[in-house]
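> Chains as they are written, first to last, in the working numbering: chain A, 1 to 591; chain B, 1 to 591.
All C-beta atoms, glycine included, are put in the ideal place defined by N, C-alpha and C.
Quick caveat, the model's predicted, so the values are computed rather than measured.
What follows is a structure written as structure tokens; I'll ask about it next.
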């Protein structure tokens, strides 16, 4: 497996040139200079400590021994160093020991952790979700008891939603709480619980969806509970074990180092549980962190794409095979010199950078929604984030799978051999379009909710912003930027028309509209990816005009042009399929 | 893992309604009636004997014990029953014990074997290649010694091309023969040798590329050798073991039941070898069977797509989750009733059927090239097959990976769990775009050789045939066929223009042309897929008009329409990317 080096230059560019880190309010001192240092340090830690365990963790995998989950060798030590280095606390609220850095920084850091070791980084990602949930919805006592240790990383967190008959459809879940001696006792089975048990921390804080005794049926009767693996005593020390145990681990396609648990709550006497948030309000409570959770999974898509890209680039630069097409009698060359291999490398690079920029821009919207002094900006930014999150999750994770597959192809036969390392990325990536809401669910979220937000104004505003960038590109000097602008204008027009059509169709014929939802999300993904790459090209051209000579800038323009010329025409052509999708799916698929 | 049932109705339709089995000359009695019986029997054997071993073979995998390869439990027995049932001999030449059935039948049968158990079927596929090679290039003595047992399946065959530094670039291979006591002794290491050793047969016939002592450098100095694992004595019985041994097995992403061997030739005293064909003519000899080998791998793409489709369809029909979008308060339904899931199922079905039809049509061209009484038809058919083979291999195997990935998505979280079975197809499929010439090599073969055949006339004739089908569709009554015809006409026009442009560009600027080769193969794949589906729709409509009521026919028209409306617009839009690909790949990828 190739070494991992954090893409610091591109992360910095996304933060400062595409987004505007400097202008993010209430950032707890996250100046561009500080963030550069933080990312550099993070990159070093990821390369030195996390990345070397990625392949060995895949090989040995998490396992269960005497009812306890053991993570792969080295994970616990690396996790301990992560915690000791203060990395877990970078983004938690300052009131409880976190550094409160903004979402854009958390996004950049997440990518680095996920690229270097996705199986291990899953644990930190889930803890971050638990922190956020408790920070928003916990009582003061709950915050006091759990937040400091979750933020430091001494304890980890889990999210417990799925049951065997309740996956995408949470309304069917059956876990139940009963009142006993003034406390809640929880009973039920939860599946697909990532890091549901492990031996890296003294305690695990489970956030669990279940039903109160008087709960109405369906999604309106779901409450959120906290179940601590061990009792937390008054003085903060840990007491007895709770009645929750890991029943088994799943045998998965990938993410072998990340234990995916079946958890049994209350098999003996009921698991001691605390209610978090309002009774029957659990789904709403859980969904307040959905944007961040989905953004984080989208970042996993970027992260695996970056890792697979680095793996393929290293191979393409060193593997010697075949004469150049223009000189068939010359000696064999490094395969990156062959145009078809170059195209694959460019394709991986362009998609990865577009998805990264889109994630950072979405995180910036979350930051502005959180802390901008102007309430109008806050509201518009919140809506922008709502609109973009399913794109980052859906399109970003599809690109993760896509790029990981191309990385195998670059390797030829060696890509199919596990020792090479490319195959692991392909296996690891394949869960990303599924968990935290399948990409089909993301597409339906766009169709049913996001397109209709604010009477469609946020969607129209996004399309109009993209058109403005396309116009600015088209009016720029040279060949590259106008070429990007032309393709972006076409894609934006197709996106606007398709979105408007789908919004209306949803009321007339929701089944036909739903059949077109996934192609629409794909169109929106490529168009917004083209938008961020177009913005990148504009900034790079400005910096070149101002006299900068960093070759990164010229490469960025070429990469943006590649993305626009190679992917925006086919994306724009999805406008037809989006409308046509309903024509045949009901008629024939039943056969 | 879902059960496998051979898609007999669609295979029959492809053989008789899209191709014309009845009109194939010199078919050794392969009437449509006989072929129907054969396929039905084959389907039963595949379902009952081969398919049940697919998942267990994946779990246990092939392994090496004391220098001998052991196939998974049950494989040897199933292989024995395959041989005893005469299945191995269905397609060999009649002079040596085969039944000599035509390529279209072999194609249909191959799909069934590969769908039911690709790891095991690899062995038969390689033996078939060895049979064909020896039948064309062996001496009478070689034919007598090896063909009957290879055709019956008592012995198996292997192809030995790759060495560590000679993969796509065979000119660099180093295996060498020396003359000793009037015989050739071979020394060298070969990697990626499928079924290079195993315990299902008494003997293995290795066909090995190497160099004679006086060989010129590069591809013009390669000869083909036969190395029998055991000496074949005068009376046909087996003698001493030859100096070839298996060094190790690769740890692969998939195809676990198919041993991928590192073979060491001549480590002790040199492996006794016979020359096959002309000295230094080995590559040419090997390439005479390339069309069939590449067609067979394309069929593997169809086969894994069919298997993954069946797996996903079964799950979608039985998994209950979520209310219908048009009735949000109704009970949960089988997920196939959700439009986005239906779209995925239709997508898998349409791509699989298009790729199957394209493979059958290509096999028909091989049959006509072999045996048509009119030499003009023979020549045109041979050129048509030359043109289509890289499309079947490249586009067909890309669809295999694509459909296998969608099958995982249909399963949601369960798709990531190995027990379900969907993940195996995704892993098994991923080698197909790589072996037997990577899909990039297929695209370059199209660019450098196939587009230029006969001064481009075969390519123009193909496009013109597609346009004629599009016109016939456009002039048909109703809504469905004209809709298909419009999209097909657009895609055919884009294909014709792009092909002509690429042909010229190749001489002016081969690097820029090569950068567009892969998108062109994709365009050609979707367009020829749309062509076969369009022909299918025309035939189905004719049969409906003539009074037939089989619902298969109406579904076929809907499936063809889905394919045309959902995939031809984006395919046609590849015309721009094909031309643009050269703009940036040389400029930026080096960064």
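1) Any idea what DSSP makes of residue 88 (chain B), helix, strand or coil?
2) Residue 464 (chain A) CB to nearest chain B CB: under 9 Å?
3) Can you give me the start and stop residues for the beta strand (DSSP E) that residue 203 (chain A) sits inside?
4) In three-state terms, what does DSSP make of residue 231 (chain A)?
5) Considering only DSSP beta bridges, list what residue 334 (chain B) is partnered with.
6) Within the region 30 to 105 of chain A, note down every full alpha helix (DSSP H) run reaching 4 residues or more, in order along the chain.
7) Spatial neighbours of residue 591 (chain A) within its chain, please: CB distance less than 6 Å, with the 5 preceding and 5 following residues excluded, ordered by chain position.
8) Using the beta-carbon count (16 or more within 10 Å), is residue 502 (chain B) buried or exposed?
9) What first and last residue would you give for the beta strand (DSSP E) that runs through residue 241 (chain A)?
10) Roughly how many whole angstroms lie between the Cα atoms of residue 551 (chain A) and residue 68 (chain B)?
11) Quick one: is residue 139 (chain A) buried, meaning 16 or more other Cβ sit within 10 Å of its Cβ, or exposed?
12) Short check: CB of residue 301 (chain B) to CB of residue 175 (chain B), under 9 Å?
13) For residue 116 (chain B) and residue 4 (chain B), which I take to be in contact (beta-carbon distance under 8 Å), what is that distance rounded to the nearest angstrom?
14) Between the region 526 to 539 of chain B and the region 486 to 504 of chain B, are three or more C-beta pairs nearer than 8 Å?
15) Of all the CB atoms in chain A, is at least one closer than 9 Å to the CB of residue 137 (chain B)?
16) Kindly indicate which residue of B:244, B:265, B:23, B:491 has the alpha-carbon position closest to the one of residue 468 (chain B).
17) DSSP on residue 163 (chain B), reduced to helix/strand/coil?
18) May I ask which residues mark the beginning and end of the beta strand (DSSP E) holding residue 260 (chain A)?
19) Looking at the strands, I want to know which residues DSSP matches up with residue 450 (chain B).
20) Reducing DSSP to helix, strand and coil, say where residue 174 (chain A) ends up.
21) In the DSSP output, what is residue 306 (chain B) paired with across the bridge?
22) Would you give the residue range spanned by the beta strand (DSSP E) that residue 272 (chain B) belongs to?
23) Relative to chain B, which residues along the region 119 to 145 of chain A have a C-beta separation below 8 Å, given in chain order?
24) Whose C-alpha, out of B:387, B:281, B:426, is nearest the C-alpha of residue 402 (chain B)?
25) Looking at the strands, I want to know which residues DSSP matches up with residue 189 (chain B).
26) Could you give the residue range of the alpha helix (DSSP H) that holds residue 144 (chain B)?
27) Can the beta-carbon of residue 270 (chain A) be found closer than 9 Å to that of residue 276 (chain A)?
28) Is there a Cβ of chain B sitting closer than 9 Å to that of residue 280 (chain A), yes or no?
29) In the region 286 to 318 of chain B, which residues sit with their C-beta less than 8 Å from some C-beta in chain A, listed in chain order?
30) Using a Cβ cut-off of 9 Å (strictly closer), state whether residue 69 (chain A) contacts chain B.
31) Given a cut-off of 9 Å on the beta-carbon distance, is the pair residue 207 (chain A) and residue 226 (chain A) in contact?
32) Hey, residue 348 (chain B) and residue 420 (chain B) are a contact pair by Cβ (cut 8 Å); roughly how many whole angstroms apart?
33) With DSSP as the reference, label residue 360 (chain A) as helix, strand or coil.
34) Is the beta carbon of residue 189 (chain A) sitting closer than 9 Å to the one on residue 213 (chain A)?
35) Provide the residue span of the beta strand (DSSP E) that contains residue 248 (chain B), from first to last.
36) Of the residues that make up the region 166 to 187 of chain A, which ones have a beta carbon closer than 9 Å to any beta carbon in chain B?
Let's see:
1) helix
2) no
3) Start and end: 203 to 210.
4) strand
5) B:320
6) 32 to 45, 54 to 60, 75 to 84
7) Per-residue confidence for residue 591 (chain A) stands at a pLDDT of 47, beneath the threshold of 50, marking its modelled position as unreliable; the derived number appears in the next sentence. In the same chain as residue 591 (chain A), and ignoring 5 residues on each side of it, no C-beta atom comes closer than 6 Å to its own.
8) buried
9) 238 to 241
10) 55 Å
11) Counting Cβ neighbours within 10 Å, residue 139 (chain A) comes out exposed, since fewer than 16 surround it.
12) Not closer than 9 Å, so no.
13) 5 Å
14) Three or more beta-carbon pairs drawn from the region 526 to 539 of chain B and the region 486 to 504 of chain B are found closer than 8 Å, and the two stretches are therefore classed as touching.
15) no
16) B:491
17) In the three-state scheme derived from DSSP, where H, G and I count as helix and E and B as strand, residue 163 (chain B) is classed as strand.
18) 260 to 265
19) The partner list for residue 450 (chain B) (beta bridge, DSSP) is empty, contrary to what the question assumes.
20) Three-state result, residue 174 (chain A): coil.
21) Answer is none; residue 306 (chain B) lacks a bridge partner.
22) Going by DSSP, residue 272 (chain B) is part of the beta strand (DSSP E) stretching over 271 to 276.
23) none
24) B:426
25) B:264
26) Note, residue 144 (chain B): alpha helix (DSSP H), 140 to 152.
27) Not closer than 9 Å, so no.
28) Judged by the 9 Å Cβ criterion, residue 280 (chain A) is not in contact with chain B.
29) none
30) no
31) yes
32) That pair is no contact at about 16 Å.
33) helix
34) no
35) 244 to 249
36) 166, 167, 168, 169, 171, 172
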